[in-house]
Ligand code: NIG
Ligand code: FE
């Protein structure tokens with residue numbers, strides 16, 4: 060196994076409070092760290108760095124943990140830029156366009172789906188993402204959801220079955236029939252292919268009771284629950300996420316005090332997706348209220364062709380800082396450690412000793428440039444232990 064030392068890091072964010080300045084972000088200046096093919100072995104001042112098989116000079120640039128994009132819908136065909144244009148002219152997003160992507164994805168070949176996913180993964184990686192969660196949800200048949208999960212598994216271990224995205228057109232007059240299909244043969248085929256189960260629990264999608272039924276069955280078949288909640292309207296979906304001990308409840312665009320109280324007393328992470336509010340011209344979620352109440356917050360791209368065709372975590376960070384009053388450090392933490400918490404992973408999202416050696420070297424002296432220089436790519440090099 061080759062060891063490498065990365066030296067002359069102007070600002071190293073470890074997210075390990077026991078390191079560096081002992082802040083939550085565990086910052087070190089003029090720092091170095093040693094890693095092997097898998098994990099971080101040593102962290103400290105550049106002047107104290109031990110020898111390793113290879114030495115890399117960070118050139119007085121900042122280094123951050125690789126971003127953990129804990130919410131994407133990368134497996135799809137087609138695009139919906141016409142809907143985006145209509146929204147910018149005043150049309151509201153209601154999820155109705157999901158059916159168009161379902162139709163395009165059903166018509167696509169496996170290779171089309173694979174190529175599109177690969178392209179979006181490459182964009183995420185170039186922008187510093189080293190772990191990505193990928194959902195199915197754009198075919199809504201047993202065979203179609205299975206093949207989307209198979210494609211997702213080629214790129215990630217964090218794969219989520221989202222058969223309960225919306226009721227597909229052929230079941231419009233028989234939604235009970237679709238919920239039955241979800242709970243029986245579709246789940247039987249999909250459970251072995253996924254780690255997580257998700258439901259779009261919102262106006263126009265699935266009710267709280269339907270989501271509870273689907274997630275309870277999924278859990279019995281070995282899938283861990285997560286939930287899309289309160290993107291379009293206020294509902295009891297946050298309470299359901301807490302009741303089921305979901306790892307994460309995602310969107311949280313509409314929140315009341317009771318939701319925040321429930322989240323702050325739970326282990327459920329609130330995953331905020333400001334690319335969706337940006338792209339649907341919707342109000343941004345109350346990140347400040349969540350953070351001030353002590354709720355764990357993650358940021359993710361929600362990359363999908365309808366509500367957020369975004370593959371840049373730096374852009375998400377910039378939105379969180381500019382539009383949601385998060386500090387740069389809060390946004391950076393939410394994009395790394397927050398994402399890891401949303402996937403219940405202790406080995407990623409930080410650069411403490413023993414963490415996976417997943418990181419991004421920036422073309423900038425401080426991590427703040429991620430938000431300060433929106434629109435370009437501040438990430439110079441992405442390194443992921445799973446790609447070596
Ligand atoms: O997370 N809200 C549900 N699903 C996606 C959007 C899907 C689409 O519009 O294609 C989301 O925003
Ligand atoms: Fe989503």
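Residue numbers (my numbering): 60 to 447. Even glycine gets a Cβ: it sits at the ideal position worked out from N, Cα and C. Remember, predicted model here, so these are calculated numbers, not experimental data.
Less than 9 Å between the C-beta atoms of residue 185 and residue 217, yes or no? no
Any idea which residues DSSP pairs residue 290 with across the strands? None; residue 290 has no bridge partner.
Taking residue 426 as the reference, give the member of 87, 77 and 64 with the closest Cα. 87
Taking all protein chains shown into account, decide if residue 410 is buried (16 or more other Cβ within 10 angstroms of its Cβ) or exposed. buried
Our contact map puts residue 360 next to residue 334 with C-beta atoms below 8 Å; I'd like the distance itself, whole angstroms only. 5 Å
Would you report the Cα separation of residue 166 and residue 363, rounded to the nearest angstrom? 17 Å
Tell me which same chain residues have a C-beta within less than 6 Å of the C-beta of residue 180, skipping the five on either side of it? 214
For a test of your reading of the model: does the CB of residue 119 fall under 8 Å from any non-hydrogen atom of ligand 2? Yes or no. no
Residue 81 - DSSP class collapsed to helix/strand/coil: coil
Can you check whether the CB of residue 430 is closer than 9 Å to the CB of residue 380? yes
Proximity of residue 304 and residue 280 at Cβ, strictly below 9 Å: no
Which ranges would you report for the beta strand (DSSP E) in the stretch 164 to 196 if only whole runs of at least 3 residues count? 188 to 191
Just verifying my parser: in three-state terms, what is the DSSP assignment at residue 272? helix
Tell me whether the stretch 378 to 398 and the stretch 108 to 119 touch, counting them as touching only if at least three CB pairs, one residue from each stretch, are closer than 8 Å. no
Cβ separation of residue 356 and residue 373, assumed to be a contact under 8 Å, to the nearest whole Å: Incorrect: roughly 17 Å between the Cβ atoms, too far for contact.
Determine the contact status of residue 265 and residue 225, defining contact as a CB-CB distance below 9 Å. yes
Taking all protein chains shown into account, decide if residue 245 is buried (16 or more other Cβ within 10 angstroms of its Cβ) or exposed. buried
Under 6 Å Cβ to Cβ from residue 195, same chain only, skipping five residues before and after it: list those, please. 204, 207, 208, 220 and 221
Please name the residue, chosen from 428, 263, 325 and 443, that lies closest to residue 152 on a Cα-to-Cα basis. 263
Measuring straight from C-alpha to C-alpha, what distance separates residue 66 and residue 298? 47 Å
Measure the CB-CB distance between residue 240 and residue 201 and report whether it falls below 9 Å. yes
Would you report the Cα separation of residue 332 and residue 375, rounded to the nearest angstrom? 8 Å
How many angstroms separate the CA atom of residue 353 from the CA atom of residue 124? 22 Å
Does DSSP classify residue 373 as helix, strand or coil? helix
Distance, Cα to Cα, residue 253 vs residue 288? 21 Å
Give me, in chain order, the residues of the same chain whose beta-carbon lies closer than 8 Å to that of residue 402; leave out the 5 immediate sequence neighbours on both sides. 127, 129, 190, 192, 217, 306 and 307
In angstroms, rounded to a whole number, what distance separates the CA positions of residue 441 and residue 320? 38 Å
Cα-Cα separation, residue 73 to residue 79: 8 Å
Report yes if the C-beta distance between residue 285 and residue 256 is below 9 Å; otherwise report no. yes
Taking 8 Å as the cut-off, is the CB of residue 494 close to at least one heavy atom of ligand 1? One cannot answer for residue 494 here, as it falls past the ends of the chain, which runs 60 to 447.
Could you tell me whether any non-hydrogen atom of ligand 1 is closer than 8 Å to the CB of residue 94? no
To which residues of the same chain is residue 323 closer than 6 Å at the C-beta, ignoring the five residues directly before and after it? 352, 353 and 354
N- and C-terminal bounds of the alpha helix (DSSP H) containing residue 428: 428 to 431
Complete beta strand (DSSP E) runs within the stretch 330 to 387 (minimum length 3 residues, chain order): 356 to 358
Leaving out five residues on either side along the sequence, give the residues of the same chain with a beta carbon under 7 Å from the beta carbon of residue 396. 74, 408 and 409
Quick check on this structure: which residue in 238, 295 and 344 has the alpha carbon closest to the alpha carbon of residue 383? 344
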